[in-house]
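Numbering (this note's numbering), first residue to last: -5 to 175.
All residues carry an ideal CB built from backbone N, CA and C; glycine is no exception.
Written as structure tokens, this is what we have:
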């Protein structure tokens, strides 16, 4: 009797799991995924709507989908680019990144001429200039390739991309906040 009940139980479990798929994260990647909220807390405090893309970026990397991870990393950056454009008084609509970066750089040049001399001017121009150039590097290094299906990435390239995105977004978070699309 016990043997029959065990067989029925096993068949029930087998049938119930027949079309179920489980993924076991590698230990080192599971640790990174498990810490994503803490690792990105500064970014999500300043840019709350980045949470979904951050989780997907890290999760896809951990599941060995590096190109998709890079794609979501670039989506995270768009929040920062929109905030920077807003900060300098430029609209961020359906323009491509190069156009908005050009507009931001134009505004930085105008501010360099108009702002009164002093430490505040130097700090503002340094922040804006570094941010604009970083966006150019992201655009030319990753975004154009992943968004236009020109490149695939391996796990190390994806990790480099999202770590660089995180570090840069933390810098932006020190002075910028999310802007509604």
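- Non-local C-beta neighbours of residue 166 in its own chain, meaning closer than 6 Å and more than five positions away in sequence, comprise 74, ordered along the chain.
- Secondary structure of residue 112 (DSSP, three-state): coil.
- Secondary structure note for residue 175: it is in no alpha helix (DSSP H), with a DSSP letter that is neither H nor E.
- Rounded to the nearest whole angstrom, the C-alpha separation of residue 168 and residue 40 is 8 Å.
- With 16 or more other Cβ atoms inside 10 Å of its own Cβ, residue 66 counts as buried.
- Inter-residue distance for residue 56 and residue 19 is about 7 Å (C-alpha atoms, whole angstroms).
- Using a 10 angstroms sphere on the CB of residue 175, the tally of other CB atoms stays under 16, which defines it as exposed.
- Three or more beta-carbon pairs drawn from the region 44 to 58 and the region 21 to 30 are found closer than 8 Å, and the two stretches are therefore classed as touching.
- Here residue 156 carries a helix assignment [DSSP, helix/strand/coil].
- Judged by DSSP secondary structure, residue 135 falls outside any alpha helix (DSSP H); it is assigned neither H nor E.
- If only uninterrupted alpha helix (DSSP H) runs of at least 4 residues are considered, those enclosed by the region 59 to 85 are 60 to 81.
- Per DSSP, residue 45 is one residue of the alpha helix (DSSP H) stretching across 45 to 56.
- Proximity to residue 141 across 91, 170, 37 and 14 peaks at 91, based on C-alpha coordinates.
- Residue range 30 to 33 is occupied by the alpha helix (DSSP H) that includes residue 30.
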